[in-house]
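Residue numbers for the sequence shown follow the working numbering, beginning at 235 and rising by one.
A short worksheet on the structure shown next.
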Amino acid sequence: MKAPKIPSSTLRDCALEQMKKNGTPLKAVHSGSRAMLYEMPDGRSVRIRTSNDPILVVAAESSEMDARLNIEGTDLLLITMPEKPRTPGPVKSFLVPADIAVNAVRDSHKKWLSTNPNTKGDNRTWNLWFDNTGRPSGGYAEKWSTYLLSESADSLSEETLTDTLAPSTLSIPGATPRKETVADVIEGARQKISNLTGMPLDSIQIDIKLGA
235 MKAPKIPSST
245 LRDCALEQMK
255 KNGTPLKAVH
265 SGSRAMLYEM
275 PDGRSVRIRT
285 SNDPILVVAA
295 ESSEMDARLN
305 IEGTDLLLIT
315 MPEKPRTPGP
325 VKSFLVPADI
335 AVNAVRDSHK
345 KWLSTNPNTK
355 GDNRTWNLWF
365 DNTGRPSGGY
375 AEKWSTYLLS
385 ESADSLSEET
395 LTDTLAPSTL
405 SIPGATPRKE
415 TVADVIEGAR
425 QKISNLTGMP
435 LDSIQIDIKL
445 GA
């Protein structure tokens, strides 16, 4: 059984804290979607992607090699994950040029297809692993080590521990219990759907209507 996940919003806040410490605070950009889009002081655009595991999950619009990927459209990609998978505490982030990330995803997917995998052909989830898997899609913690932010962040620090952390998600000594909210339930459902389907979290939207 996998350990409980750290909410994506907490990992996002860690990434924002790291960028601020690095002297490059990010300003949120309204996108009308779940995508976490930001702007740097110099005008460059940044997309934040979070994961509880050492993986970048990328969704393609089709199985074609030139299909548009859901990490395209910004200048940079800020990839954030806990140093120890699914474990509250130190967080690491990689600030990668988007074109570098896109090329890496396409290249590793092409190499995977060249192995004649047992697949039906409609492959729209193309992943990069940060640990060493022994496959072309692995080892990106080392391959992208130059993009690793030097400034640290901690998902349990006062700066990043927000009310998005429900007491049912993490057990924190000394923390004041808080009642679970509708927002907590929705966030938890999105996390579960992402885990079950492999879909990136920012592509999952849940709409509800309360009352009559």
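Note that the Cβ used here is the ideal one computed from N, Cα and C, for glycine as well.
Distance, residue j Cα to residue i Cα
| i | j | result |
| --- | --- | --- |
| ALA335 | THR258 | 21 Å |
| ILE305 | ASP247 | 19 Å |
| ALA375 | ASN256 | 20 Å |
| GLY323 | VAL292 | 25 Å |
| LEU347 | GLY355 | 9 Å |
| ASP388 | SER285 | 15 Å |
| ILE442 | PRO238 | 24 Å |
Residues sharing a beta bridge with residue i, DSSP
| i | result |
| --- | --- |
| ARG283 | ILE313 |
| TRP363 | ILE289 |
| PRO275 | DSSP lists no partner for PRO275. |
| SER327 | THR314 |
Whole-Å CB distance - residue i paired with residue j, under 8 Å assumed
| i | j | result |
| --- | --- | --- |
| THR308 | VAL280 | 6 Å |
| GLU273 | LYS261 | 5 Å |
| ALA338 | LEU310 | Not a contact, Cβ separation roughly 14 Å. |
| PRO297 | ASN357 | First, the amino acid is wrong: residue 297 is Ser here, not Pro. That belief holds up - the Cβ atoms of SER297 and ASN357 are roughly 5 Å apart, short of 8 Å. |
Local conformation of residue i per DSSP, three classes
| i | result |
| --- | --- |
| ASP388 | strand |
| ILE440 | coil |
| LYS239 | coil |
| ALA294 | strand |
Own chain partners of residue i with C-beta closer than 7 Å, once the 5 adjacent residues on each side are dropped
| i | result |
| --- | --- |
| TYR381 | PHE328, LEU329 and VAL330 |
| ASN361 | ILE289, LEU290, VAL291, VAL292 and SER371 |
Same chain only: Cβ atoms within 8 Å of residue i, ignoring 5 sequence neighbours per side
| i | result |
| --- | --- |
| PRO288 | MET315, PRO319, TRP363, PHE364, ASP365 and ALA375 |
| GLU317 | GLY323, PRO324, VAL325 and LYS326 |
| SER384 | ASN256 |
6 Å CB neighbourhood of residue i in its chain, flanking five on each side removed
| i | result |
| --- | --- |
| ILE427 | ILE438 |
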